[in-house]
Structure formats: C-alpha cells, structure tokens
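In terms of full-length UniProt numbering, the sequence shown opens at residue 1 and continues consecutively. Ideal Cβ placement from N, Cα and C applies to all residues, glycine included. Note that this is a predicted model, so its numbers are computed, not measured. See below for the structure under consideration.
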Amino acid sequence: MERSKARSDLQLIGAQIIFRHGARTPLFLMPTLEEVIYSNEHVENYAPAKWDIKLITKRDGVIVAKENISSANDKEGKRDRQLKSVSGLSVRTGQLTAVGEKQLYQLGKLIRSELIDPKENAGLIPSTYDPQYVYCRSTYMDRTISSARAFLAGLFTSDEKDHKIQATGPFEIEVNHFPDEDLFPNTNVYPILKNCPNVITLYESFNDDHDMKKARQTLLNRIGAADQAHGIVELYDDIVSRRAHNFSVPEDILNLVKDFEVMSAREFVYRATDIGFDVFLRSACGPLLSLIRENFNSILKNHREEKTSNTKKPFQRFFIYSAHDSTIIPLAMAFEIFQMRWPEYATYIFLEYFISRTNPDETYVTVNFAGELQVLPNCDDYYCPYSTFLTNLEKRFQQTKISI
C-alpha cells in the first residue's frame with residue numbers, strides 16, 4: 001500500500017475503510033461454457049480467519065431481534081443455484097470462498113500495519129479487539145459478513161504472539177434490514193434508480209459500430225447465446241471468478257473479454273448516470289457519504305473532549321464497512337478518483353483523518369484507493385483539508401429518499 005510522506009505536524013485521530021467482499025463463486029454462469037467443479041479446497045474456511053462473530057441486528061437505526069429483519073437470502077428467496085462440486089459438498093452461486101477469505105485477512109493485516117503499534121501499544125486503536133474502539137458494519141449477506149470477519153481477523157492477528165487473533169470475545173458486526181440497505185444502489189430505498197436504463201435499452205441506444213456493442217455481440221455469438229439479455233458486467237462475472245480460483249478459461253474467450261474490465265465499468269457508468277451524475281451519486285452512495293462525514297465529526301468531537309479533560313476515553317476511532325463492487329464504484333465516482341475499471345475482489349477505499357498538532361481547528365483527510373494514495377480535487381497534495389473534502393461532496397450527501 002502506498003504511504004504518504006509522514007507529516008510530523010499532524011496526528012492521526014481516526015480512519016474508515018470501505019471494501020468489496022473477497023473472491024466468490026459466480027453470480028452469473030456464462031451460457032454454454034462448461035461449469036467448473038469446486039472442491040473442499042475452494043470453499044472451506046480459511047483457517048487463520050476463523051473467529052466467532054456476534055451480529056448486531058438493526059432496523060431504522062434501532063437494535064431489534066434477529067427475526068425482525070430480513071437478510072439477502074430472505075429477500076431474494078434463495079434465487080441462488082447449486083453449482084457443480086465434489087460429492088457431498090454444497091456450493092452455490094455468490095458464495096465466498098477460501099480465496100476470498102484470505103484476501104480480506106491479508107487486507108486486515110495490511111491495515112494493521114497502519115493503525116496498530118503492538119510494541120508500544122500507541123497506535124490509533126488497541127492491539128486487542130475492542131468494539132469500543134472499532135465499529136464494523138456489513139450488508140446482511142453471507143459473503144460480506146464472512147469478509148468482515150476475515151478482515152477483523154487479519155487486523156487483530158499478532159505476529160509477535162504466535163500469529164494468534166488478539167480478542168477476548170466475538171467480533172461484533174452490525175447488519176441492517178436488507179430491503180432497506182443503503183450501502184449499495186437500492187431501488188427499494190431510492191426508487192429513482194429504477195429510471196436507469198436496463199442493459200437491452202442501453203445497447204439498443206448504441207450505434208452498431210460502438211466498441212462495447214460489438215464486443216458484447218461477438219462474445220454472445222461465440223458462446224451461442226445471441227439472444228441473451230445479460231450485459232458485459234454479468235457475462236464477465238464468470239470469467240473473473242474462474243481466474244480468481246485458478247480455473248482454466250478457453251484462450252479465445254480470454255481474448256474476446258480482454259477489455260471487459262474497463263467495459264464493465266463503462267457499462268455501469270453509462271446506465272447509472274443517465275438519470276444525472278449527482279442524482280445518481282446521492283441515491284447510490286449519498287447515505288454512506290453522510291455516514292463518513294458523521295463518523296469523522298464524531299471522532300473529532302471525542303478527540304477534543306479527551307484533550308480538554310486530559311483523560312483517555314474509549315470511543316470508536318476506526319469504522320469498517322463490508323460491501324460490494326456496486327458500493328465502491330459510486331463512492332470512487334463521488335470522490336472523483338474512479339479509474340474506469342471494475343473493482344477487483346477485496347478492492348478498498350481507506351480514509352485517514354488527521355488533526356494539526358499546532359492548530360486544532362485544522363484537520364485533513366487522506367484517501368487511498370486500492371493501494372494508491374489519491375490527490376483529491378482542489379487539494380494540493382495527498383493531505384486534503386477536511387473543509388475542502390466536504391465542499392467537494394456537498395451536492396452528493398443524502399439522508400432522505402429521492403422520489404421518482
């Protein structure tokens with residue numbers, strides 16, 4: 001991960017991370033392409049990431065009993081399907097794999113090196129897990145919950161203590177009623193998103209010589225599925241999953257999809273921004289942007305109170321969100337750092353919050369996107385004044401529903 005040149009005049013007081021879940025089985029199988037066969041090696045838990053979790057179930061911001069909210073499985077009515085596997089093994093579409101758990105565990109280890117100082121115990125957060133200092137939220141979906149667990153396991157695994165997880169209790173992970181989830185573009189929360197054109201409408205609007213239209217049609221012809229309604233995002237999903245798990249893909253198909261990482265992103269952006277760039281961003285990630293702002297404001301308030309009282313107090317200094325590719329893209333667009341490539345599994349946006357040691361009214365934010373520090377709009381370097389950071393986003397915050 002790229003690190004900014006440390007500024008001795010600044011103190012790190014908080015951080016937030018938003019990441020895509022790890023590698024999974026495909027959601028969409030490419031028609032006519034022979035299915036792969038999964039084994040225990042693919043789907044058993046990644047051993048270093050095993051730890052108990054406690055789900056904090058919420059609805060409308062209030063803790064409720066688990067039976068009073070719905071998960072993704074409840075909402076979608078088990079639309080997933082069984083995949084081929086060795087005898088006696090149950091593998092379904094969209095399932096996090098051992099490869100995916102390992103990716104998030106390694107990401108947790110990477111962020112640990114930024115936030116935890118196990119020798120001096122003087123980092124941003126303690127070296128032993130404590131929910132008073134670390135907040136974690138996931139969409140109510142198996143693959144994102146397991147990704148959050150794996151990330152926390154990596155974050156709190158100590159190389160100095162026999163590579164064991166340093167925690168005295170389960171990892172607490174907040175989940176919300178899935179039909180009302182606002183960590184991704186949800187048409188149930190923001191009906192205006194229904195006005196985004198579907199795949200067929202989008203491709204019908206393109207001229208016949210459009211590069212994306214030709215690339216999609218060429219692949220559909222190759223796999224004998226010319227009447228498929230899937231776009232490039234869905235068609236590419238199976239290929240990405242196969243490659244992440246070291247399954248083979250026919251060479252001619254690999255050649256046909258060589259530009260699909262970029263074209264998938266373009267397809268998403270074309271469809272999304274048809275309703276207006278800022279309208280889409282307010283609907284797709286406006287609530288998350290508001291949360292990011294509220295979290296940083298809370299960190300600053302608590303830090304100042306701690307300084308005023310000259311007494312150490314526990315408060316949440318690190319906020320973790322386990323979500324999806326459709327979370328990462330709008331957020332990167334809102335920060336104006338999106339590079340028009342589909343986010344890989346475990347792609348992350350990591351924000352750090354600093355305060356001036358000489359002028360406590362001055363605070364700064366750094367943004368790291370998938371390992372690369374970003375210079376945000378209207379900022380001179382990686383350290384963006386917090387006031388400028390907020391001004392850049394002022395048309396994109398959203399806390400109430402946008403109607404059609």
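One alpha carbon belongs to residue 234, the other to residue 185, and they sit about 17 Å apart.
Residue 271 holds the alpha-carbon nearest to the alpha-carbon of residue 231 among 248, 271, 244 and 207.
Of the other Cβ atoms in all chains shown, 16 or more fall within 10 Å of the Cβ of residue 219; this residue is therefore buried. Within the same chain, Cβ atoms closer than 8 Å to the Cβ of residue 196 are found at 271, 272, 274, 275 and 280, the five residues on either side in sequence being excluded. Residue 297 counts as exposed, since fewer than 16 other beta carbons sit within 10 angstroms of its beta carbon. In the three-state DSSP reduction, residue 319 falls in the strand class (E or B).
Taken in chain order, the whole alpha helix (DSSP H) runs of length 4 or more contained in the stretch 273-327 are 277-284 and 286-309. Taking 8 Å as the upper bound for CB-CB distance, residue 7 and residue 100 are not in contact here, some 35 Å apart.
Contact between residue 150 and residue 22 is confirmed by a C-beta separation of about 7 Å, below the 8 Å threshold. Nearest in C-alpha terms to residue 255, of all of 247, 288, 239 and 244, is 239. Looking at 141, 131, 91 and 48, the one whose alpha-carbon comes closest to that of residue 72 is 141. Cβ neighbours of residue 206 within its own chain (closer than 6 Å, five residues either side excluded): 213.
Residue state for residue 118 is assigned as coil, using DSSP reduced to three classes. With contacts defined by Cβ atoms closer than 8 Å, residue 51 and residue 153 form a contacting pair. Per DSSP, residue 39 has no beta-bridge partner at all. In this structure, the beta-carbon distance from residue 30 to residue 223 falls below 8 Å. In chain order, 25, 80, 81, 82 and 83 place their CB closer than 8 Å to the CB of residue 92, counting only its own chain and leaving out the 5 sequence neighbours on each side.
DSSP, read as helix, strand or coil, puts residue 16 in strand.
Annotation note: the stretch 139-213 contains the following uninterrupted alpha helix (DSSP H) runs of length 4 or greater, listed N- to C-terminal: 142-155 and 199-205. In the DSSP annotation of this structure, residue 366 is not part of any alpha helix (DSSP H); the continuous beta strand (DSSP E) holding it starts and ends at 363-369. Restricting attention to 300, 329 and 94, the CA atom closest to the CA of residue 364 is found in 300. Between residue 137 and residue 346, the beta carbon gap of about 17 Å keeps them out of contact (Cβ cut-off 8 Å).
The beta carbon of residue 9 lies closer than 7 Å to those of 356, 357 and 358 in the same chain, with the five residues before and after it left out. For residue 256, the enclosing alpha helix (DSSP H) has its first and last residue at 251-256. The stretch 282-295 makes no contact with the stretch 243-260: fewer than 3 CB pairs, one atom from each, lie closer than 8 Å.
Assigned with DSSP and collapsed to three states, residue 27 falls in coil, not helix or strand. DSSP places residue 137 within a strand segment (E or B) once states are collapsed to three. A Cβ-Cβ distance of about 5 Å is found for the pair residue 351 and residue 16, placing them in contact under the 8 Å criterion. For residue 35, the CB contacts under 6 Å within the same chain, skipping 5 residues up- and downstream, are 84 in chain order. Just so you know, the alpha carbons of residue 384 and residue 129 end up roughly 30 Å apart. Partner residues in a beta bridge of residue 106, as assigned by DSSP, do not exist.
Residue environment: residue 57 is assigned as buried (16 or more neighbouring CB atoms within 10 Å of its CB, all protein chains considered).
Counting only residues of its own chain and dropping the five nearest sequence neighbours on each side, residue 354 has a CB closer than 6 Å to the CB of 10, 12 and 364.
In the three-state reduction of the DSSP assignment, residue 387 falls in the helix class. Leaving aside the five residues that flank residue 330 on each side, the residues in its chain whose CB is nearer than 8 Å to its CB run, in chain order, 185, 272, 280, 281, 284 and 285. Residue 145 and residue 55 have their C-alpha atoms roughly 9 Å apart.
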